[in-house]
């Protein structure tokens, strides 16, 4: 390695190290919770001062890691056959762990290293930082891949766009401990080595690259379940590439030398590369995932595509994944015209890094496709140039090495494919290779994005790399062809504006200062400096380098600024009240206790309370979502207690047993609804006499629905469930006959209002698309004189809404409930109001009021009775602990009719 080559490599290493520092530094502020006022920040950190994790999946990964470090395997029971059972999940039986444990292994290693070299550090502290550290390493494959395709400017830009991509960044800052951290590292290495295996002519290198590619996807397969997406994508790419080689006669020799095109293809190095990758890949994945995984690879691909289909049901039950935000169809852009030039998680274009990145990528894709389409017209030159080039045309060895490692195309030379047969052949191969790669990559990721916003991370990779290539194009064009100062001025002004605008979203003054500075430097270099002033010995004017730097800044500024905003707006996913409530359960309940609630906080319940849960974020099956929704939506507390008795002691075994007799889940659930509140004897008689089951069949069902010794159950009611009511009511009201449902909601204001006696106050309940609905609170001078109603306002003219001469209010109330200082003082109808489907629940304490608008379907629901009305006038549920926004309710099965008691004093019909 000569001196110039050493300098080139060293420069790349230094750039990578700087980029690593920058990318990690942008993630680090997430640990400081800068958006929270100091007076409440303490509620969001644990007893050690470490912030709580930002989302609940992190707690599942943390628990598995703690298990592995504590007793050498994940879960609670080692079955002795290579599998483990997790008894914290899916009451009552737990489940066999089938999970990618790469996150456990890497965190265990980092924990060992941290305690060996940097003092004493707990597993939770190491896990808190692991995501940010590992995700920052995506800089390495991103820069290597991009530098192979373009120059340093383009590689730096592509690396920042990828490593700081909004949807990736939002899942990989400190406190976000999930498998997303591995996503870009292994996928980039897999594709890079895959392509290099095809590109190189050296057989030894082909084998090495193939092995490295399969190792990358193998490590990916034990780190993230979506690895199969890239296996499928590169399989499609390989097929498309081979077909393109046949169509455009791209190979080491001509097709005319063989009997047919298939025989010709078999003799090409490209075909050998694909076969090598296929064989080594099958063996490698069998090592990492087992033979069954290799044989079932096509089923895995189909499962991935159908995973989040909103039309897909689970055995007749609704697909709970439609309630997961990441599975929703994303917007193309965030709200507002200016959002197109920002990078955030609000839309697909924003997730790429803004509209500039999108257009840069599309320009490169157009160039590649255009060049491919010209290939049929390209013929070998009649006369090849032989001998050495003149001294003036000779290139240094290091420059040749650098050029050979890049795929360079100049915008100014779209029609040039070389002057010799070898040059044309090589250019054809590279053009087809990268055109097929980026075309397939782009189309497949566009399709993926239509399946849910979580797949926006996939589309960033091709567009980030193509943006790097675009900068390479732009660099060549500006240096060699653009000599018009007017056009340079346009570039400077436009790019300065694009670079400064994202900064104005952080601080308007800083953004304007940056705009002025960039304009001053750029325009001065064009109009003030001497025209031929050069930055180096190449003779290229400084103004051209400044224009290139401004293009880079314009393309990366949205992503960098977006990352800064995200890391400074992090709020943990839980706080002291929830954690302390779980600690109370851990210290005051029997180990057999089951915690039940909606699935969102399930993982946190498992680790904080060290108890089993009904379901969580990884086991939110359609049937359990239905039953929990039923339990919270119903007004019959006997029925809701019966659901918990069945699920948490017997699981869904009674449901399955009954289904085996009915063959219809709709009929099965109707029967269970009927018998769950009954005594065991009455339930048996109903099954035998009404539904004609045998005594043995009825006994099998009733032994599950009415177990002799039901496990203790704690129901967790929390303020977040008010906002989630639309989903749990949707699943609870599921119609099996037409496979549909509808949402019922609580409308909760974001703040409170002070209303003194004799005055009126207003508080917004809904502000959407020009419609503002206020709760209007009126207080008289006497006792029990408080009342309230809702009003609908057109925000465009600040007046009431009238349609066809009739006042319009979509949230009219038919009932009002007023609680003053803890006492229910009013619960009455408001009169004959048309289209009134809501109840206004008004809580007041010391002149401070909180109105909550409740859909009448939920006005007397179990959740409303417990969380809002404090469980008054009933004895099935007993509040055993309360924190701010969280209440814990013990289910008293013995007080129910089914449990031998007299029944709830506040049980109503369903």
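In our numbering, the protein residues as written are 143 to 1052.
Beta carbons: idealized from backbone N, C-alpha and C, even for Gly.
Q.
Per DSSP, what are the beta-bridge partners of residue 982 in this structure?
A. 958, 995
Q: Mind the definition here: the region 713-721 touches the region 499-519 only if three or more C-beta pairs lie below 8 Å; say whether that holds.
A: no
Q: Excluding the 5 residues preceding and the 5 following residue 382 in the sequence, name in chain order all residues of the same chain whose CB lies nearer than 7 Å to its CB.
A: 578, 582
Q: Taking 8 Å as the threshold, find out whether the region 1006-1018 comes into contact with the region 836-850 through three or more Cβ pairs.
A: no
Q: Work out the CA separation of residue 277 and residue 165 for me, nearest whole Å.
A: 9 Å
Q) Going by alpha carbons, who is nearest to residue 646 out of 699, 154, 1012? A) 699
Q. Which residues in the same chain have their Cβ closer than 8 Å to the Cβ of residue 875, if we skip the five residues on either side of it in sequence?
A. 771, 775, 883, 884, 886, 999
Q.
If I measure Cβ to Cβ from residue 879 and keep anything under 7 Å in the same chain, skipping five residues before and after, which residues do I get?
A. 808
Q.
Just to confirm before moving on: does the CB-CB distance between residue 359 and residue 332 stay below 7 Å?
A. yes
Q: Could you have a look at residue 227 and say whether DSSP puts it in helix, strand or coil?
A: strand
Q. Whose CA, out of 742, 720, 756, 721, lies closest to the CA of residue 735?
A. 756
Q.
For residue 843, report the span of its beta strand (DSSP E) as first-last.
A. First-last for residue 843: 837-847, but that is the alpha helix (DSSP H), not the beta strand (DSSP E).
Q: Confirm, please, whether the CB-CB distance from residue 695 to residue 668 is below 7 Å.
A: no
Q. Taking the alpha-carbon positions, what's the residue 186 to residue 898 distance?
A. 33 Å
Q. Nearest-angstrom Cα distance between residue 403 and residue 397?
A. 6 Å
**Q.** For residue 664 and residue 632, the rounded distance between their alpha carbons
**A.** 10 Å
Q. Whose C-beta lies closer than 7 Å to the C-beta of residue 364 among residues of the same chain, with five residues either side of it excluded?
A. 242, 243, 244, 430
Q. What does a CB cutoff of less than 7 Å around residue 217 pick up in its chain, not counting 5 residues either side in sequence?
A. 209, 226, 227, 228, 239
Q | Nearest candidate by alpha-carbon position, reference residue 501, set 758, 613, 391 | A | 613
Q. Residue 288 and residue 607: beta carbons closer than 7 Å?
A. yes
Q: Given a cut-off of 7 Å, decide if residue 474 and residue 482 are closer than it, judged by their beta-carbon atoms.
A: no
Q. With DSSP run on the structure shown, which of helix, strand or coil describes residue 786?
A. helix
Q | Own chain partners of residue 108 with C-beta closer than 7 Å, once the 5 adjacent residues on each side are dropped | A | Residue numbering for the chain in the displayed model covers 143 to 1052; residue 108 lies beyond these limits and cannot be assessed.
Q.
Does residue 419 pass the burial test, meaning 16 or more other C-beta atoms within 10 Å, or should it be called exposed?
A. buried
Q) Whole-angstrom Cβ separation of residue 194 and residue 740, contact assumed at under 8 Å? A) 19 Å between Cβ atoms; not a contact.
Q: List in chain order: all unbroken beta strand (DSSP E) runs of 3+ residues lying wholly within the region 800-885.
A: 855-860
Q) What do you get for residue 970, buried or exposed, if any count of 16 or more other CB atoms within 10 angstroms of its CB means buried? A) exposed
Q) Within the present structure, is the beta-carbon of residue 794 separated from the nearest heavy atom of the ligand GTP by less than 6 Å? A) What this structure holds is no ligand at all, so the ligand GTP is not there to describe.
Q: Check residue 931 in the structure and name its three-state DSSP category.
A: strand
Q: Just mark residue 788 as buried or exposed, buried being the case when its beta carbon has 16 or more other beta carbons within 10 Å.
A: buried
Q.
One question on the structure: do residue 283 and residue 493 come within less than 7 Å of each other, judged by their Cβ atoms?
A. no
Q: Locate the beta strand (DSSP E) running through residue 736, then write down its first and last residues.
A: 736-738
Q. What is the residue span of the alpha helix (DSSP H) that residue 293 lies within?
A. Segment: none, residue 293 is in no alpha helix (DSSP H) and carries neither H nor E.
**Q.** C-alpha gap between residue 262 and residue 595, whole angstroms
**A.** 39 Å
Q: Determine the burial state of residue 259: buried for a count of at least 16 other Cβ atoms within 10 Å of its Cβ, exposed for fewer.
A: exposed
**Q.** residue 151 (DSSP reduced to helix, strand or coil)
**A.** helix
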